[in-house]
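Protein sequence lines, in the order shown, are assigned to chains G, S and H.
Under the working numbering, residue 1503 is the last one in the first sequence; the count climbs by one each step, no gaps.
Under the working numbering, residue 414 is the last one in the second sequence; the count climbs by one each step, no gaps.
Under the working numbering, residue 259 is the last one in the third sequence; the count climbs by one each step, no gaps.
In this text, a Cβ means the ideal position worked out from N, Cα and C, and glycines have one as well.
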Amino acid sequence: MSVTLLIEQLLNGLQLGTMLFLMASGLTLVFGVMGLINLAHGSFYMVGAYATAAVAASTGSFLTGLAAGMAAAAVAGALVELIVIRRLYHRSHLDQVLATFALILIFSEGTRWLFGSSPLRLSPPSWLTGFVTLPGDTRYPTYRLMLIGVGVVIAIALYLLISRTRLGMRIRAGESDREMIGALGVNISKLYTVVFALGASLAGLAGALVGALQSVQVGMGEPVLILAFVVIVIGGIGSIKGALFGALLVGVVDTLGRVYLPILFRAFMPPSEAAGVGAALAAMLIYILMAIILAFKPKGLFSAHD
Amino acid sequence: MINTTSRSAPEVAPTPRNERALDRKGVVQIALLAVLLILPVAAYVMGEFYYVNLASRITIIAMAAVGLNLAIGYGGMVSFGHAAYFGLGGYVAGIGAYHAFDATPFMTWPISLPGSDNLLVLWLAAALLCALLALVIGAISLRTTGVYFIMITLAFAQMIYYFANSWPTYGGEDGLPIYLRNSLPFVDSSDPLNYFLICFVGLLLAMALTSRLMKSRFGAALTMARLNDVRLATSGINPYPVRLVAFVISAAITGLAGALYADLNGFVSPTVLSWHFSGELMVIVILGGVGRLYGPLAGAILFVMMETFLGGITQYWQLFLGLVLLGVVLFAKHGVMGFLAGRERNE
Amino acid sequence: MSDAVLSLTHLHKHFGALQATNDVSLALEPGEIHALIGPNGAGKSTLIGQIAGHIRPDQGSIELGGETVTNLSVAQRARLGLGRSFQVSSLAEPLSVMRNVMMSVQALQGHSFRFFKPVARDEALLAPALEALEHMQLGHRAWTPVSELSHGERRQVEVACALALKPRALLLDEPMAGLGPEGSARLTELLEALKRDVPILLIEHDMEAVFRLADRISVLVSGSIIAQGDSHAIRHDPLVREAYLGDCDA
C-alpha cells in the first residue's frame, strides 16, 4: 500500500515538475538571452489554456485546441515582445518587473472581460481518460502519465534545438556574448522575438495541459509563475539544465512534502494538530529549500551568469 | 542635498535646497498634505465617514509605501516581498486582539505572554517582529543581487503567505476578524477622524524619519551603496550591513502600516500577504516617483483614487491601472512627483 | 620583509586550469613608487583583485603595515590604509565630488550608523575631505557633480578618495589610461610629490610614465614575476625584452 502511494506521489511530483519545466524553460531562456525578468509569463500560460478551451469546445478536438492554444500563446508572446518588451531590454530590473506586472493586470482583466469570471471547462480527450496499471499494481491516470511524456519530449526537443540547430547556436551565442552575435550579423531583434514567442508557446502548452486537469480561470498562471521563479532561482537563472533539475526537484519535493509531512508529524503529535502543522510546513517547504540552496550558492545550482 | 549652483563660491557648502524659499516642489508637497488632511476633516463634519476611512486607507498605504521606498528608492533594493511585513504587522494587531478578546494567552512557553488590545503595545510588537523577520530575510537575500534579490524576497513573502493560509489557528485562508478596534489610552480610536489623525501622524513620522535618515551619515552610505557599492567598499564601508539596516527599518515602517490597516478594516487575511499586494506597493512607489520623499504619498493617492472611482465605474479597473502603469514605466519614469514638482537633482 | 608597507608573499591563484597568479612575491617600500607592468593577460587584474580584496588567493599571504590582511574584506583593507583607484573610473556620478570623497572620511571615523545628524554641514567630514581634494588640486571642484568633470579630473578625484583614507599604501590601477599628454604630465607630477608621504603600487600601461616615475619595476608575465629592478635594469633585461618589450620599441 505505502509503496503504491510512494510511486503514485513520485509520479505526481514528476508530472508537476515537467509542467514547471515548460514554464521555467521559457523564463530562463528569456532571462539568459535578453537579460529580462518577465512576470507576464504566467499570462501566456493562461492565454494558452483559454484558447485551447475555446477552440476545443467549438471544434470538439482537444488536439486542435492544443495547437490553437500554443499558437495563440506564441502570437501573444510575439506581440507583447514587439510592442512592450523590446523597450525594456536596456531598462533596470525594477522597470521590467513593473512593466510586466502591468501586463499581468492587462491580460487578466482583459481575459475576464472577454470570457467572464467563471472558469471554462476543458477536459482531457476521451482516449486519455483511463488508468494505466504500472508494475507493482499501481493504477495511474493515463492523462497524467501523458503529461510526463510530453515534458520529457519537450526537454529532449529543447536540448536538440539548442545544441544542434542554427537557432540554438544563436541562442547560446546570445547568452555568452550579446555584442558578439550582433557583430556576426545575426538579426538580434528577430532572434529576441522568436525566443520570446517560443517561451510563450511552451507556457501556453503547459497552461492548456494543466488546465484540462484543474480548471481554466483568470489568474491561473500566477501560482505557477511563482513556482517557476523558485525553479529558475534554484537552478541558476539562464540555465536550461538548471531549469530542468530545479523543476523536477521542486515538483517532487512539493508533492511528497504535502503527502508525507502530515503523516510524519502524526508520529509525535495529536492528529488534529499534525494535519495543520504538516500542511503549513509542506506549503513552505520549497521556499525553505530555496533559501537553504541560496544561502550556500547565491547564484543557484547551475548558474550561467556571474 | 547638494547642488551645483555655487561654483562661484566653492569653499562654502551650498545651501541645501529645502532651506531656500518655497519652490514648486515645496508647493506641491504642502498641497498634497493639505488635501489629505482637509478632505477627511470636511467629510467628517458632513458625516461622510466613508470618505474619512478612505483617507485613512490612503494614508496607511502611503506609509507602507514610504517604508518600501526606503528599500527600493533610496537603497536600490528591489524588494518584491514587502507584503510579508505589511501582513505580519496586520496579523500582530489581529492576533493581539484575538487573545485579548478571548482572554487566552498568546503563548505560555518559554514566557507567558497574554494578548493585548493596546495599540501602543501592538504597534511596538508589529515593528519589532517585522524588523526581526526582515533581519532574517534580508540577511539571506542581500547575499544576492539583481534578479535573484527580487525573486528571493518574493519567495520569502510567498512562504509567509502560504503559512498564514494553511495555519488553522488564526483563521487560515478565511482570515481573522478584529471585533473591536484596538484602543489607545486617552484617545477614542474607534472614532473615524481620530483614527485618521493617528494614521496621518504615523505617515508624517515615517516621512520625517526617512528624510532625516537620508541626510545622515547612514543615508550617505546607503546612497553610495545604491549608486556604486564598489566605491563604498573601496572607501572602507562594507555595503552589506548598511543595506541590511535600511532593509530592516523599511520593513518596520511597512509593518507598522500593516498593523494600522488591520485595525482600520477590523480584519486581517492572507490577501495582504499576497504577492499581488507586494506588486501594488511597488506600483504605488513607482507611480508616485521612486526615491522621492513625497512619491509614496502621491502614488497612494493616485492608486486609491483609481481603485475607488474607476472601480466604481467598471469592475475591470485594473485593466486601466495596468495601462497607466505601463505608460508611466515606459514613458514617464519620474512618476507623478516628477510630473508635478519637476525632476529631483542629484540624488 | 623588513619595513615594507605592503607585501605579497608567494601568492597563488588559479581559475580552472589557468594559473592566473603563480608564486608572486612583491614588496612596496616606504617612499617609493613601485610599478607593476606586464602584457595583456599577464594576470595583472587578478593580482590587483587579490591585493584589494575582491579575490581570495589560493595560497600565500598579503600584509599591510605588518598586519596580515589576506582574509579581510575590501572595506576592512581600506580602513587599514589601502587606498586604491580603478582602471575604469568608479565614482558615484550623480553626486558631488565632495560626497564621493566624504565617504572615505566617514569610513575612517567609523560612524556610518549615525542616523540623525545631517552630513551636509558636518565639519568633521567636510574638512578632511576638502584637504584631500586640495592635495590633488581639486578644491575648487568640490561641489561639482562628478558627471560634469573631465576624465582627468575624475582620475584625480579617485586618488583624492584614496588619500582621504589617510592610506599607508596606494594601489593605482592604470591612472594614466585615457589621459591626454597634458593630463598625464599633470598626474605624473602629483604622484611624484605624493610618494614621499604614501608609497604607491602603480599598475600602468604608459611605459613612458612608468620609466619616469617608478623607483622599482616588477614585470608580470603569465602570472609570474619574471624580473624586478630599476628602470635601467628592466630596460636591459633580456627576459623582459623577449617577453614584453619585443613589440614595444623602448
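Counting C-beta neighbours from all protein chains within 10 Å, is the total for residue i 16 or more, i.e. buried, or is it exposed?
{"i": "Q225/S", "result": "buried"}
{"i": "N1209/G", "result": "buried"}
{"i": "E217/H", "result": "exposed"}
{"i": "F1465/G", "result": "exposed"}
{"i": "I139/S", "result": "buried"}
{"i": "M372/S", "result": "exposed"}
{"i": "Q165/H", "result": "buried"}
{"i": "A1265/G", "result": "buried"}
{"i": "D239/H", "result": "exposed"}
{"i": "S121/H", "result": "buried"}
{"i": "Q59/H", "result": "buried"}
{"i": "N49/H", "result": "exposed"}
{"i": "R130/H", "result": "exposed"}
With DSSP as the reference, label residue i as helix, strand or coil.
{"i": "I1368/G", "result": "helix"}
{"i": "M185/H", "result": "coil"}
{"i": "E115/S", "result": "coil"}
{"i": "Y361/S", "result": "coil"}
{"i": "V1415/G", "result": "coil"}
{"i": "L35/H", "result": "strand"}
{"i": "A408/S", "result": "helix"}
{"i": "L89/H", "result": "coil"}
{"i": "P177/S", "result": "coil"}
{"i": "A1271/G", "result": "helix"}
{"i": "P172/S", "result": "strand"}
{"i": "P1459/G", "result": "helix"}
{"i": "P1322/G", "result": "coil"}
{"i": "A51/H", "result": "coil"}
{"i": "S1199/G", "result": "helix"}
{"i": "N295/S", "result": "coil"}
{"i": "A110/S", "result": "helix"}
Specify, as a first and last residue, the run of the beta strand (DSSP E) that residue i falls within.
{"i": "S70/H", "result": "Q68 to L73"}
{"i": "I304/S", "result": "Per DSSP, I304/S belongs to no beta strand (DSSP E) and is neither H nor E."}
{"i": "H19/H", "result": "L15 to F24"}
{"i": "T1330/G", "result": "F1328 to L1331"}
{"i": "Q237/H", "result": "S233 to G238"}
{"i": "P1338/G", "result": "T1335 to P1338"}
Go to residue i, then tell me how far its alpha helix (DSSP H) extends in each direction, as first and last residue.
{"i": "R250/H", "result": "P247 to A252"}
{"i": "K282/S", "result": "P259 to K282"}
{"i": "K1387/G", "result": "I1385 to G1408"}
{"i": "S1291/G", "result": "In the sequence as presented, Ser is not what sits at residue 1291/G; that position holds Leu. Taken as a continuous stretch (DSSP letters only), the alpha helix (DSSP H) holding L1291/G covers H1290 to F1312."}
{"i": "N232/S", "result": "G213 to S233"}
{"i": "R163/H", "result": "H160 to L172"}
{"i": "S1240/G", "result": "H1238 to T1256"}
{"i": "A141/H", "result": "E132 to H144"}
{"i": "G346/S", "result": "W342 to G355"}
{"i": "V396/S", "result": "W384 to F398"}
{"i": "G263/H", "result": "Residue 263/H is absent from the model: chain H starts at 10 and stops at 259."}
Give the DSSP bridge partners of residue i, in chain order.
{"i": "T1215/G", "result": "BP columns for T1215/G are empty, so no partner."}
{"i": "N80/H", "result": "DSSP lists no partner for N80/H."}
{"i": "F334/S", "result": "P244/S"}
{"i": "N185/S", "result": "S250/S"}
{"i": "L45/H", "result": "I212/H and S227/H"}
{"i": "Q28/H", "result": "H23/H"}
{"i": "L1317/G", "result": "V1413/G"}
{"i": "P1495/G", "result": "Per DSSP, none; premise fails for P1495/G."}
{"i": "S94/H", "result": "L181/H"}
{"i": "S105/H", "result": "P154/H"}
{"i": "P1420/G", "result": "In DSSP, P1420/G forms no bridge with anything."}
{"i": "P127/H", "result": "S283/S"}
Say yes only if the C-beta of residue i is nearer than 7 Å to one or more non-hydrogen atoms of the ligand ADP, and no if none qualify.
{"i": "A1296/G", "result": "The ligand ADP is not part of this structure, which contains no ligands at all."}
Looking at C-beta atoms only, is the number of pairs between the region 1400-1408 of chain G and the region 1244-1260 of chain G that lie closer than 8 Å three or more?
Yes, the region 1400-1408 of chain G is in contact with the region 1244-1260 of chain G.
Using a Cβ distance threshold of 8 Å, determine whether the region 237-249 of chain S contacts the region 153-166 of chain S, with at least three qualifying pairs required.
Of all C-beta pairs linking the region 237-249 of chain S to the region 153-166 of chain S, three or more are shorter than 8 Å, placing the two stretches in contact.
Okay, do the region 98-112 of chain S and the region 289-300 of chain S touch, 3+ Cβ pairs below 8 Å being the bar?
No, the region 98-112 of chain S does not touch the region 289-300 of chain S.
At least three beta-carbon pairs within less than 8 Å, the region 1410-1418 of chain G to the region 1234-1246 of chain G
Three or more pairs of CB atoms, one per stretch, sit closer than 8 Å, so the region 1410-1418 of chain G contacts the region 1234-1246 of chain G.
Below 8 Å, how does it come out for the region 1422-1441 of chain G and the region 1213-1227 of chain G: are there three or more Cβ pairs, yes or no?
Taking a contact to require three or more Cβ pairs closer than 8 Å, the region 1422-1441 of chain G and the region 1213-1227 of chain G qualify as touching.
Quick check: the region 257-266 of chain S against the region 168-184 of chain S, are there 3 or more CB pairs under 8 Å?
The region 257-266 of chain S vs the region 168-184 of chain S: no contact.
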